[in-house]
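Chains as they are written, first to last, in my numbering: chain X, -4 to 175; chain B, 166 to 303.
#1: When the Cα atoms are used, what is the spatial distance from residue 166 (chain X) to residue 292 (chain B)?
#2: Between which residues of its own chain and residue 74 (chain X) is the CB-CB distance below 7 Å, once the five residues before and five after are set aside?
#3: At a CB-CB cut-off below 7 Å, which residues of chain B make contact with residue 150 (chain X)?
#4: Work out the CA separation of residue 163 (chain X) and residue 174 (chain X) for me, nearest whole Å.
#5: Just to confirm before moving on: does the CB-CB distance between residue 249 (chain B) and residue 264 (chain B) stay below 8 Å?
#6: Does the stretch 169 to 189 of chain B touch the stretch 105 to 120 of chain X, meaning 3 or more C-beta pairs lie closer than 8 Å?
#7: Could you tell me whether the Cβ of residue 168 (chain B) comes closer than 8 Å to any Cβ of chain X?
#8: Look up residue 73 (chain X) in the DSSP assignment and say whether it is helix, strand or coil.
#9: Name the chain B residues whose beta carbon is nearer than 8 Å to that of residue 66 (chain X)?
#10: In this structure, does DSSP put residue 300 (chain B) in helix, strand or coil?
#11: What did DSSP end up calling residue 262 (chain B) once you bin it into helix, strand or coil?
#12: To the nearest angstrom, how far is it from the Cα of residue 90 (chain X) to the Cα of residue 126 (chain X)?
#13: At which residues does the alpha helix (DSSP H) containing residue 142 (chain X) begin and terminate?
#14: Alpha carbon to alpha carbon, what distance is there between residue 251 (chain B) and residue 39 (chain X)?
#15: Exposed or buried, residue 223 (chain B), counting other C-beta atoms within 10 Å across all chains shown (16 or more means buried)?
#16: Got a sec: is the Cβ-Cβ distance from residue 140 (chain X) to anything in chain B below 8 Å?
#17: Taking contact to mean 3 or more Cβ pairs, one atom from each stretch, closer than 8 Å, check whether the stretch 281 to 296 of chain B and the stretch 193 to 210 of chain B are in contact.
#18: Three or more C-beta pairs under 8 Å: does that hold for the stretch 145 to 162 of chain X against the stretch 227 to 240 of chain B?
#19: So residue 140 (chain X) and residue 128 (chain X) are supposed to be a Cβ contact under 8 Å. How far apart are they, rounded?
#20: Given that residue 197 (chain B) touches chain X, what residues does it touch there, using C-beta distances under 7 Å?
#21: Report the neighbours of residue 191 (chain B) on chain X: residues whose CB is nearer than 8 Å to its CB, in chain order.
#22: Give the straight-line distance between the Cα atoms of residue 228 (chain B) and residue 297 (chain B), rounded to the nearest whole angstrom.
#23: Starting from residue 176 (chain B), find everything on chain X with Cβ-Cβ shorter than 7 Å and list it in chain order.
#24: Residues in its own chain within less than 8 Å of residue 41 (chain X) by CB, not counting five upstream and five downstream?
#25: Mark residue 209 (chain B) as exposed unless 16 or more other C-beta atoms lie within 10 angstroms of its C-beta, in which case mark it buried.
#26: Does the stretch 52 to 67 of chain X come close enough to the stretch 98 to 107 of chain X that 3 or more CB-CB pairs lie under 8 Å?
#27: Under 9 Å between beta-carbons, which chain X residues line up against residue 295 (chain B)? List them in chain order, please.
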């Protein structure tokens, strides 16, 4: 039954991706990319990665779609038809995809308890988190405590993104008659 | 969009629940899915919805550009300061065990504070990016 759900979700993902490449109306493409993110979030829920699914639904489907539409309101809503050849990009994409699929052949089977990812630090986190931190959600404990450096770095990345937007676009200080 | 009564009424009904849900995700992140990042995005999305329906100028009266600019920096600084507090209390950077008498309580306090820092920065940045883009329309 779970495989059935997986196949339907992956099929929907492929359909949405193909529709995004075919459509010329960029508003429709922005909405479809939101749908793509929601479908990915459902796939993460199927994989029991609820924290990742939460982030994907909030950022990918929510904020990104709003920002895309906000950008389209400033630019245009129709994609220009380019005269360039699309054969070489298609070949590159097909080759990269084939290489990635070839790469998955060496990966351990899905849900294999002997996979290296389940043997390294994961057992320690699962065993020690309730004793050392008293936090029931291991994901939160790993993100905020065990891997606090990484999260500090990620927060700094968000900070830098906001700083860049303020420097480039400005916020709330438009001069009358200016070009901004 | 600002003159559509259906949108205005529905947004007014929904925004308090979106903001409350963001705070729930923030403070329930220790026990269920969620945390500072997701909560910040949801909080920012709630106020972006406010800006979409009632106009960016009105939304900027609630969270002025100065507050947003301060918020962006305060979140990261709060996170980094928690790390420095660990050093000041004879521990290591970002090791929360020394923040309270009991290591587990220290971990609780440290995680709460850094998640709050992530929340403040993420919510401020999300609002900043949208308001900077949307403010250029007029």
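No residue lacks a Cβ here, since even glycine has one placed at the ideal position from N, Cα and C.
Considering the structure as presented:
#1: By one-based count along the first chain, residue 166 (chain X) stands at place 171. By one-based count along the second chain, residue 292 (chain B) stands at place 127. Distance between the alpha carbons of residue 166 (chain X) and residue 292 (chain B) is about 11 Å.
#2: Sequence index remark: in the first chain, residue 74 (chain X) carries index 79 (1-based). 19 and 21, listed in sequence order.
#3: Taking the first residue of the first chain as 1, we reach residue 150 (chain X) at position 155. Those within 7 Å of residue 150 (chain X) in chain B are 240, 241, 244, 282, 283 and 286.
#4: Within the first chain, numbered from 1, the residue matching residue 174 (chain X) stands at position 179. Within the first chain, numbered from 1, the residue matching residue 163 (chain X) stands at position 168. Low confidence applies here, because residue 174 (chain X) scores a pLDDT of 45, under 50, leaving its location unreliable; read the following figure in that light. The alpha-carbon of residue 174 (chain X) is positioned some 13 Å away from that of residue 163 (chain X).
#5: Residue 249 (chain B) sits at position 84 when you count from the first residue of the second chain. Residue 264 (chain B) sits at position 99 when you count from the first residue of the second chain. Taking the C-beta atoms as reference points, residue 264 (chain B) is found no nearer than 8 Å to residue 249 (chain B).
#6: By the criterion of at least three beta-carbon pairs nearer than 8 Å, the stretch 105 to 120 of chain X is not in contact with the stretch 169 to 189 of chain B.
#7: Numbered from 1 along the second chain, position 3 holds the residue referred to as residue 168 (chain B). Taking Cβ atoms only, chain X never reaches closer than 8 Å to residue 168 (chain B), which makes this a no.
#8: The residue given as residue 73 (chain X) occupies position 78 in the first chain. In the structure shown, residue 73 (chain X) sits in a strand (DSSP, three-state: E or B).
#9: Here residue 66 (chain X) is taken as the residue at index 71 of the first chain, counted from 1. Result: 298.
#10: By one-based count along the second chain, residue 300 (chain B) stands at place 135. The answer is coil: DSSP assigns residue 300 (chain B) none of H, G, I, E or B.
#11: For the purposes of this step, residue 262 (chain B) is identified with residue 97 of the second chain, where counting begins at 1. For residue 262 (chain B), the secondary structure class from DSSP, reduced to helix, strand or coil, is helix.
#12: On the first chain, position 95 is the one that residue 90 (chain X) refers to. On the first chain, position 131 is the one that residue 126 (chain X) refers to. The alpha-carbon atoms of residue 90 (chain X) and residue 126 (chain X) are separated by roughly 48 Å.
#13: In the first chain, the residue the question calls residue 142 (chain X) occupies position 147. Note, residue 142 (chain X): premise wrong, no alpha helix (DSSP H); not H, not E.
#14: In the first chain, residue 39 (chain X) corresponds to position 44, counting from 1. In the second chain, residue 251 (chain B) corresponds to position 86, counting from 1. Cα-Cα distance, rounded: 35 Å.
#15: Here residue 223 (chain B) refers to the residue found at position 58 when the second chain is read from its first residue. Exposed.
#16: The sequence position of residue 140 (chain X) within the first chain is 145, counting from 1. It does; some Cβ of chain B falls within 8 Å.
#17: Touching, yes.
#18: The answer is yes - the stretch 227 to 240 of chain B touches the stretch 145 to 162 of chain X, with three or more Cβ pairs under 8 Å.
#19: Taking the first chain and counting its residues from 1, one reaches residue 140 (chain X) at position 145. Taking the first chain and counting its residues from 1, one reaches residue 128 (chain X) at position 133. Their Cβ separation, rounded to whole angstroms, is 6 Å, which keeps residue 140 (chain X) and residue 128 (chain X) in contact under 8 Å.
#20: Position 32 of the second chain, counting from 1, holds the residue named residue 197 (chain B). Correct list: 132.
#21: Residue numbering aside, residue 191 (chain B) sits at position 26 when the second chain is read from its first letter. Result: empty, since nearest Cβ-Cβ is about 11 Å, beyond 8 Å.
#22: As a first step, residue 228 (chain B) is located in the second chain; it is residue number 63 there, counting from the start. As a first step, residue 297 (chain B) is located in the second chain; it is residue number 132 there, counting from the start. So the two alpha carbons sit approximately 13 Å from each other.
#23: In the second chain, the residue the question calls residue 176 (chain B) occupies position 11. Near residue 176 (chain B) there are no residues of chain X at all, since even the closest Cβ is about 14 Å away, more than 7 Å.
#24: Residue mapping note: residue 41 (chain X) aligns to position 46 of the first chain, counting from 1. Closer than 8 Å at the Cβ level, and outside the excluded window around residue 41 (chain X), lie -3, 0, 1 and 4.
#25: Stepping through the second chain from its first residue, residue 209 (chain B) is reached at position 44. In the assembly as shown, residue 209 (chain B) is a buried residue. Its beta-carbon has 16 or more other beta-carbons within 10 Å.
#26: In this structure the stretch 98 to 107 of chain X does not lie against the stretch 52 to 67 of chain X, because fewer than three pairs of beta carbons, one per stretch, are closer than 8 Å.
#27: One-based indexing of the second chain puts residue 295 (chain B) at position 130. Chain order gives the chain X residues near residue 295 (chain B) as 58, 61, 62 and 65, where near means a beta carbon separation below 9 Å.
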